[in-house]
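First up is the structure itself, then whatever we jot down about it.
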């Protein structure tokens, strides 16, 4: 089911030509800053992987991958990637990337089960990144340091856009507020997870919500996470559970929170086995990726994805992601956007 927000009195601040120029400017500048800030090397990534190897990401565990048969492989099935968390870790090992350095890539995906609207499209484009770490880095202090580096790159990009298009005045908070999902539940006990996100992001402007995937004190996770990439079950030095999180900012055009990145310290062998057990997915340990991790053949790592179209949408102050990327939308949504002055590509 699609969900559409029509902002009152919306008028694009850039023409469609300026928008296309702005998209290129943002993508070129931000990825260079990301690469420099985190010491990442660009690599080429696959659009699809073989089914049944455990390499494709399962996201929340319920999304269906787009599949197709491969004639020259006896009709073996390939899957269009959801994201590249596990593939990147395999690549760190293959390229022998040392601790403190990593890789990033342009990830393009098709997510057929998305509820289409202002922020969700069938087509997903993001910068997927992964960095080798040491065992001493597997803590919240290190996680926060990496989040701040990423957010600093976002602030620099926002300033560049303002310099280029003065009508796009900056609005991002100067700093990220960190909060664990359990703390968030305690602060807003009567609200849903999405409502809690809106309230805390409205208050602070930019928030990193930690511990996404584990059950909270109300018996429910803040949001779902697959058991075999982010570590959401290891106790941390703050007295909570989990070494991952989501970066959200307040979007003044839509008057709601907006997730820009999902990231985290990845599972080691022990936390993956624990999370597979929690999720009743013990059979996955026999898959290719999981066998290599359990055999100690993959490095410890931290990584995540940063939405390209979402970042462009935010900085160019657009009301709909369809103003940034070409995709397929319900006809009634296109009609409503057109009536409101929202220029869907």
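Residue numbers (our numbering): 1253 to 1597.
The beta carbon of each residue, even a glycine, is placed where N, CA and C say it ideally should be.
Since residue i and residue j should fall inside the 8 Å C-beta cutoff, what is the C-beta to C-beta distance between them, to a whole number of angstroms?
i: residue 1342; j: residue 1550; result: 7 Å
i: residue 1496; j: residue 1465; result: 7 Å
i: residue 1411; j: residue 1458; result: In fact, because the Cβ distance is near 15 Å, the residues do not count as touching under 8 Å.
i: residue 1196; j: residue 1300; result: An answer regarding residue 1196 cannot be provided, because it is not within the stretch 1253 to 1597 covered by the chain.
i: residue 1268; j: residue 1595; result: 6 Å
i: residue 1593; j: residue 1263; result: 6 Å
i: residue 1332; j: residue 1361; result: 6 Å
i: residue 1420; j: residue 1537; result: That belief does not hold up - the Cβ atoms of residue 1420 and residue 1537 are roughly 49 Å apart, past 8 Å.
i: residue 1541; j: residue 1305; result: 7 Å
i: residue 1428; j: residue 1399; result: 6 Å
i: residue 1548; j: residue 1413; result: In fact, because the Cβ distance is near 45 Å, the residues do not count as touching under 8 Å.
i: residue 1364; j: residue 1318; result: 6 Å
Let's see if you can read the secondary structure: which residues bound the alpha helix (DSSP H) around residue i?
i: residue 1383; result: Run containing residue 1383: none in the alpha helix (DSSP H); it sits in the beta strand (DSSP E), 1375 to 1384.
i: residue 1456; result: 1445 to 1456
i: residue 1285; result: 1268 to 1290
i: residue 1553; result: Careful: residue 1553 lies outside any alpha helix (DSSP H), inside the beta strand (DSSP E) at 1553 to 1559.
i: residue 1522; result: 1521 to 1530
i: residue 1587; result: 1583 to 1591
i: residue 1407; result: 1392 to 1416
i: residue 1541; result: 1540 to 1546
i: residue 1343; result: 1337 to 1347
i: residue 1436; result: 1433 to 1439
Residue range of the beta strand (DSSP E) that residue i falls in?
i: residue 1516; result: 1508 to 1517
i: residue 1331; result: 1328 to 1332
i: residue 1356; result: 1354 to 1362
i: residue 1499; result: 1496 to 1503
i: residue 1302; result: 1300 to 1302
i: residue 1321; result: 1319 to 1322
CB residue i to CB residue j, shorter than 8 Å?
i: residue 1355; j: residue 1382; result: yes
i: residue 1338; j: residue 1307; result: yes
i: residue 1482; j: residue 1518; result: yes
i: residue 1322; j: residue 1564; result: no
i: residue 1505; j: residue 1569; result: yes
i: residue 1473; j: residue 1533; result: no
i: residue 1405; j: residue 1289; result: yes
i: residue 1462; j: residue 1494; result: yes
i: residue 1510; j: residue 1562; result: yes
i: residue 1367; j: residue 1255; result: yes
i: residue 1309; j: residue 1335; result: yes
i: residue 1285; j: residue 1397; result: no
i: residue 1503; j: residue 1566; result: yes
i: residue 1431; j: residue 1485; result: no
Shortest alpha-carbon distance to residue i belongs to which of the options?
i: residue 1380; options: 1558, 1473, 1543, 1548; result: 1558
i: residue 1358; options: 1526, 1302, 1293; result: 1293
i: residue 1257; options: 1586, 1571, 1593; result: 1571
i: residue 1471; options: 1462, 1455, 1434; result: 1434
i: residue 1351; options: 1531, 1566, 1554; result: 1554
i: residue 1436; options: 1469, 1318, 1416; result: 1469
i: residue 1448; options: 1305, 1523, 1500, 1280; result: 1500
i: residue 1270; options: 1416, 1508, 1548; result: 1416
i: residue 1520; options: 1347, 1319, 1385; result: 1385
i: residue 1353; options: 1287, 1390, 1304, 1324; result: 1287
i: residue 1326; options: 1387, 1302, 1567; result: 1302
i: residue 1490; options: 1280, 1395, 1369, 1347; result: 1395
i: residue 1544; options: 1346, 1438, 1445, 1401; result: 1346
i: residue 1390; options: 1349, 1344, 1590, 1522; result: 1522
i: residue 1370; options: 1446, 1259, 1456; result: 1259
i: residue 1498; options: 1442, 1328, 1556; result: 1556
i: residue 1635; options: 1442, 1423, 1477; result: Since the first residue shown for the chain is 1253 and the last is 1597, residue 1635 is missing from the structure and cannot be characterised.
i: residue 1238; options: 1589, 1467, 1388; result: Since the first and last residues shown for the chain are 1253 and 1597, residue 1238 lies out of range.
i: residue 1492; options: 1477, 1438, 1535; result: 1438
i: residue 1401; options: 1291, 1388, 1452; result: 1291
Segment contact, 8 Å Cβ cut-off, at least three pairs: the segment 1512 to 1528 with the segment 1568 to 1586: no
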